[in-house]
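J.: Below you'll find the structure I mean.
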Amino acid sequence: MIIGLVSISDRASAGVYKDEGIPSLKDWLKSAIASPEWREELRLIADEQPLIEATLKELVDERGCSLVLTTGGTGPAPRDVTPEATLAVADKVMPGFGEQMRAVSLKYVPTAILSRQVAVIRKRALIINLPGQPKAIRETLDGVFAAVPYCIDLIGGPYIETNEAVVKAFRPKSAIRKK
Amino acid sequence: MIIGLVSISDRASAGVYKDEGIPSLKDWLKSAIASPEWREELRLIADEQPLIEATLKELVDERGCSLVLTTGGTGPAPRDVTPEATLAVADKVMPGFGEQMRAVSLKYVPTAILSRQVAVIRKRALIINLPGQPKAIRETLDGVFAAVPYCIDLIGGPYIETNEAVVKAFRPKSAIRKK
Amino acid sequence: MIIGLVSISDRASAGVYKDEGIPSLKDWLKSAIASPEWREELRLIADEQPLIEATLKELVDERGCSLVLTTGGTGPAPRDVTPEATLAVADKVMPGFGEQMRAVSLKYVPTAILSRQVAVIRKRALIINLPGQPKAIRETLDGVFAAVPYCIDLIGGPYIETNEAVVKAFRPKSAIRKK
Chain H
1 MIIGLVSISD
11 RASAGVYKDE
21 GIPSLKDWLK
31 SAIASPEWRE
41 ELRLIADEQP
51 LIEATLKELV
61 DERGCSLVLT
71 TGGTGPAPRD
81 VTPEATLAVA
91 DKVMPGFGEQ
101 MRAVSLKYVP
111 TAILSRQVAV
121 IRKRALIINL
131 PGQPKAIRET
141 LDGVFAAVPY
151 CIDLIGGPYI
161 ETNEAVVKAF
171 RPKSAIRKK
Chain Y
180 MIIGLVSISD
190 RASAGVYKDE
200 GIPSLKDWLK
210 SAIASPEWRE
220 ELRLIADEQP
230 LIEATLKELV
240 DERGCSLVLT
250 TGGTGPAPRD
260 VTPEATLAVA
270 DKVMPGFGEQ
280 MRAVSLKYVP
290 TAILSRQVAV
300 IRKRALIINL
310 PGQPKAIRET
320 LDGVFAAVPY
330 CIDLIGGPYI
340 ETNEAVVKAF
350 RPKSAIRKK
Chain S
359 MIIGLVSISD
369 RASAGVYKDE
379 GIPSLKDWLK
389 SAIASPEWRE
399 ELRLIADEQP
409 LIEATLKELV
419 DERGCSLVLT
429 TGGTGPAPRD
439 VTPEATLAVA
449 DKVMPGFGEQ
459 MRAVSLKYVP
469 TAILSRQVAV
479 IRKRALIINL
489 PGQPKAIRET
499 LDGVFAAVPY
509 CIDLIGGPYI
519 ETNEAVVKAF
529 RPKSAIRKK
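Residue numbers (our numbering), protein chains in the order written: chain H, 1 to 179; chain Y, 180 to 358; chain S, 359 to 537.
This is the structure:
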């Protein structure tokens, strides 16, 4: 299984400051995923819509990622175009992820409603936009990841197992594979 | 009043297994609607977008349905195209139904966020996508139906009364008709 | 700072009854905004999509409004076209506002899910659709306004301070300006 991790930030990609998005995503996934065989594809790019679209397509279509997590670029500022780029490469839109991520973040900060995160299906991959801040990344992954393994089952991807101490993957009984 | 009930499933429509969607919708409506005169139009069809669109149009435009409930085809799998078909025949999108149905289902299962249900207005009809499982159909109808009668009032449809033991229709005082 | 207040109602704009939308918006803003220098631009117009679009463009592009609040026209009825007009002039859609406004109103009435309110960014302005009823206007502003000042910071608008007794503007520490 290959997971694409994409940090989208003008300043981090230009080296003005250190990217914290990809390390946060990696740490969380390392603690949460129990399946033995998976690796990441990492990308650190600027807030340019054509570049974000091309990166998402490459990760899904050429690298074969089953899951792509983006971080950054989901706010209201003019340079925040991650949701637009994600929707532009979508086969299907998954509105429940954005709704639930905002609802989760809203427990912590009222400005959570400014986040425009979306999730989509492209071919056999699930692409989810996450916030830019490490703390918010962890909070939202804690809030929605339980639904990710079954989603990837349904689109024909690999069977993901999780460390239940971090997050318990939920599947209907008929979809659970015995070891 | 005519209510269209549409079960969307490749396997049920091919006779591979028995459709449980329409019986669940019928049972719930029979218990919930107190208006004496209403009947259903039933359709059991495959997960084909053009067929779903044609069925929704026929039920609203030719049969004169004021309410159409669909079941099935709202997940992330490639054959799940009910929301796309529903949006394609919409005059107006009603985002609150999908949000609330997912919020209600989320109390039961974390994978509720994978459901892509929408509701729309077409002409003088409200069309609502419901989940495929009988249990989830009941839970979401319990969660949103209180708003359905007033919605149908507002689009020029018949006045629906409900059995308050099942669901209490909510209307502003000025919209309540005395018997 | 200039705030556009737009009441959208066929009957109020024709003088059939007195507009209650703009007075409600003004009262709430007067109590909530602590910044000394701001004024409103008021518009009372009919439920005509081209007119609503033209009004929103004029308020943002010519009058220089940083915030535009609309009231009315967000229901399911054929004449309710405020969300469509708002989306038509949008540079960016802000889904969290609509979700949160419906979630707030749902605490009061189950028909809150019939409200199709959206919020969008156009240039350097935030445009938010509010309900039509004075009570619902206050409830939803109470529910979402904490995120408005920081949103306007992010799109390059003026720094808004609030009366904390009414609503406490939330900003990350790095965005708070010392007096």
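Beta carbons are placed, not taken as given, at the ideal position from N, Cα and C, and that holds for glycine.
State the DSSP-derived secondary structure class of Ile292/Y, mapped to helix, strand or coil.
T.: Walking along the second sequence from the start, residue 292/Y turns up at place 113. Of the three classes helix, strand and coil, the one that applies to Ile292/Y here is helix, per DSSP.
J.: Could you tell me the alpha carbon to alpha carbon distance between Ala165/H and Pro257/Y, rounded to whole angstroms?
T.: Here the question's residue 165/H lines up with position 165 in the first sequence. Here the question's residue 257/Y lines up with position 78 in the second sequence. Going from the Cα of Ala165/H to the Cα of Pro257/Y covers about 32 Å.
J.: CB Leu114/H to CB Gly75/H, shorter than 8 Å?
T.: Numbered from 1 along the first sequence, position 114 holds the residue referred to as residue 114/H. Numbered from 1 along the first sequence, position 75 holds the residue referred to as residue 75/H. Between Leu114/H and Gly75/H, the C-beta spacing is below 8 Å.
J.: Which value, in whole angstroms, describes the spacing of the CA atoms of Arg350/Y and Arg63/H?
T.: Counting from 1 along the second sequence, the entry for residue 350/Y is found at position 171. Counting from 1 along the first sequence, the entry for residue 63/H is found at position 63. Approximately 54 Å between the Cα atoms of the pair.
J.: Note down the Cα distance separating Ile160/H from Ile33/H, rounded to an integer number of angstroms.
T.: Within the first sequence, numbered from 1, the residue matching residue 160/H stands at position 160. Within the first sequence, numbered from 1, the residue matching residue 33/H stands at position 33. Rounded to whole angstroms, Ile160/H to Ile33/H spans 7 Å at the Cα level.
J.: Return the residue from the list Arg116/H, Lys18/H, Met1/H that minimises the CA-CA distance to Val60/H.
T.: Counting from one through the first sequence, the residue named residue 60/H turns up at place 60. Among Arg116/H, Lys18/H, Met1/H, the Cα nearest to that of Val60/H is on Met1/H.
J.: At a CB-CB cut-off below 8 Å, which residues of chain Y make contact with Pro434/S?
T.: Your numbering for residue 434/S matches position 76 in the third sequence. Close partners of Pro434/S in chain Y (Cβ separation under 8 Å): Lys271, Met273, Ile300, Leu305, Cys330, Leu333, Ile334.
J.: Answer with yes or no whether the minimum CB distance from Gly251/Y to chain H is below 8 Å.
T.: For the purposes of this step, residue 251/Y is taken as the residue at position 72 of the second sequence. Put simply, the CB of Gly251/Y is far from chain H, with every gap to its CB atoms at 8 Å or more.
J.: With 16 as the cutoff for other CB atoms within 10 Å, does Lys388/S come out buried or exposed?
T.: Indexing the third sequence from 1 puts residue 388/S at position 30. Lys388/S should be labelled exposed.
J.: Among the candidates Thr261/Y, Lys205/Y, Pro274/Y, Leu184/Y, whose CA atom is the shortest distance from the CA of Glu220/Y?
T.: By one-based count along the second sequence, residue 220/Y stands at place 41. Closest option to Glu220/Y, Cα to Cα, is Leu184/Y.
J.: Taking a contact to mean a Cβ-Cβ separation below 8 Å, would you say Gly252/Y touches Ile306/Y in this structure?
T.: Mapped onto the second sequence, residue 252/Y falls at position 73. Mapped onto the second sequence, residue 306/Y falls at position 127. Their beta carbons are not under 8 Å apart, which means Gly252/Y does not touch Ile306/Y by this criterion.
J.: Spatial neighbours of Gln49/H within its chain, please: C-beta separation below 7 Å, excluding the five flanking residues on both sides.
T.: Stepping through the first sequence from its first residue, residue 49/H is reached at position 49. Within the same chain, Gln49/H has close Cβ partners Val81, Glu84, Ala85.
J.: Got a sec, what are the start and stop residues for the beta strand (DSSP E) Gly362/S sits in?
T.: Sequence index remark: in the third sequence, residue 362/S carries index 4 (1-based). Per DSSP, Gly362/S belongs to the beta strand (DSSP E) from 360 to 366.
J.: Could you compute how far the alpha carbon of Ile93/H sits from the alpha carbon of Pro23/H?
T.: Walking along the first sequence from the start, residue 93/H turns up at place 93. Walking along the first sequence from the start, residue 23/H turns up at place 23. Looking at the sequence itself, residue 93/H is Val, so the reference to Ile does not match. Cα to Cα, the separation comes out at about 27 Å.
J.: Note down, in chain order, every chain H residue with its Cβ under 7 Å from the Cβ of Cys288/Y.
T.: Start at 1 with the first residue of the second sequence, and residue 288/Y comes out as number 109. With the sequence shown as reference, residue 288/Y is identified as Val, and Cys is not the correct amino acid for it. The answer, in chain order, is Phe170.
J.: Since Thr250/Y is in the alpha helix (DSSP H), which residue starts that stretch and which ends it?
T.: Position 71 of the second sequence holds residue 250/Y. That residue, Thr250/Y, is in no alpha helix (DSSP H); its beta strand (DSSP E) goes 246 to 250.
J.: When you compare the CB positions of Ala125/H and Leu87/H, do they come within less than 8 Å of one another, or not?
T.: Looking up residue 125/H in the first sequence gives position 125. Looking up residue 87/H in the first sequence gives position 87. No.
J.: Answer yes or no: do Ile155/H and Leu25/H have a C-beta to C-beta separation smaller than 8 Å?
T.: Mapped onto the first sequence, residue 155/H falls at position 155. Mapped onto the first sequence, residue 25/H falls at position 25. Contact annotation: Ile155/H and Leu25/H have beta-carbon atoms that are not nearer than 8 Å.
J.: Can you find a C-beta in chain A that's less than 8 Å from the C-beta of Glu522/S?
T.: No chain A appears in this structure, whose protein chains are H, Y and S.
J.: Would you list, in sequence order, the uninterrupted beta strand (DSSP E) runs of no fewer than 3 residues that lie entirely inside the stretch 447 to 498 of chain S?
T.: Correct list: 477 to 480, 483 to 488.
J.: What's the C-alpha gap between Gln100/H and Gln279/Y?
T.: Here residue 100/H is taken as the residue at index 100 of the first sequence, counted from 1. Here residue 279/Y is taken as the residue at index 100 of the second sequence, counted from 1. Each residue's alpha carbon lies about 11 Å from the other.
J.: Name the chain S residues whose beta carbon is nearer than 9 Å to that of Ala112/H?
T.: The residue given as residue 112/H occupies position 112 in the first sequence. By Cβ distance, chain S contributes Gly454, Gln458, Ala505.
J.: With 8 Å as the threshold, decide whether the Cβ of Arg222/Y is near any Cβ in chain H.
T.: The sequence position of residue 222/Y within the second sequence is 43, counting from 1. Not an interface residue.
J.: Check the C-beta distance from Thr71/H over to Gly132/H and give it rounded, since I have them as a contact under 8 Å.
T.: Indexing the first sequence from 1 puts residue 71/H at position 71. Indexing the first sequence from 1 puts residue 132/H at position 132. Contact holds; Cβ gap of about 6 Å.
J.: Give the residues from the stretch 228 to 240 of chain Y that approach chain S closer than 7 Å (Cβ to any Cβ), ordered along the chain.
T.: Residues of the stretch 228 to 240 of chain Y with a Cβ closer than 7 Å to any Cβ of chain S: none.
J.: Determine, using beta carbons only, whether Arg79/H comes closer than 8 Å to chain S.
T.: For the purposes of this step, residue 79/H is taken as the residue at position 79 of the first sequence. No, Arg79/H does not count as interfacial toward chain S.
J.: Going by DSSP, name the residue or residues bridged to Thr162/H.
T.: Here residue 162/H corresponds to residue number 162 of the first sequence, with the count starting at 1. Paired residues: Ile33/H.
J.: Only counting the same chain, and skipping five residues up and downstream in sequence, which positions put a Cβ closer than 7 Å to that of Gly456/S?
T.: Residue 456/S sits at position 98 when you count from the first residue of the third sequence. Closer than 7 Å at the Cβ level, and outside the excluded window around Gly456/S, lie Gln475, Val476, Ala477.
J.: Quick check on Arg496/S - is its C-beta less than 8 Å from some C-beta in chain Y?
T.: If you number the third sequence from 1, residue 496/S lands on position 138. By this cut-off, Arg496/S is not an interface position.
J.: Establish whether the CB of Val247/Y and some CB of chain S are separated by less than 8 Å.
T.: Counting from 1 along the second sequence, the entry for residue 247/Y is found at position 68. Answer no: the Cβ-Cβ gap between Val247/Y and chain S never drops below 8 Å.
J.: For Thr413/S, collect the residues of the same chain with a Cβ closer than 7 Å to its Cβ; drop the 5 residues on either side in sequence, then sort them by chain order.
T.: Counting from one through the third sequence, the residue named residue 413/S turns up at place 55. Here Thr413/S has Val364, Arg401, Ile403 as same chain residues with Cβ atoms under 7 Å from its own Cβ, once five neighbours each way along the sequence are excluded.
J.: Pick helix, strand or coil for Glu411/S, following the three-state DSSP scheme.
T.: Start at 1 with the first residue of the third sequence, and residue 411/S comes out as number 53. Glu411/S: helix per DSSP, three-state reduction.
J.: Which whole-angstrom value describes the C-beta separation of Tyr204/H and Thr290/Y, a residue pair presumed to lie in contact below a C-beta threshold of 8 Å?
T.: Nothing about residue 204/H can be reported from this structure: the residues present for chain H run from 1 to 179 only.
J.: Suppose the cutoff is 7 Å on Cβ atoms and the five residues either side in sequence are ignored; what does the same chain contact list for Cys244/Y look like?
T.: Position 65 of the second sequence, counted from the start, is the residue given in the question as residue 244/Y. Around Cys244/Y: Ile181, Ile182, Gly183, Glu220, Leu238, Ala304.
J.: Val144/H touches chain Y at which residues, Cβ-Cβ below 7 Å?
T.: Indexing the first sequence from 1 puts residue 144/H at position 144. Near Val144/H (Cβ distances below 7 Å), the residues of chain Y are Ile292.
J.: Applying the 10 Å Cβ sphere with the 16-neighbour rule, what's the burial state of Ile534/S?
T.: Within the third sequence, residue 534/S is the residue found at index 176, counting from 1. Exposed, by the Cβ-count rule.
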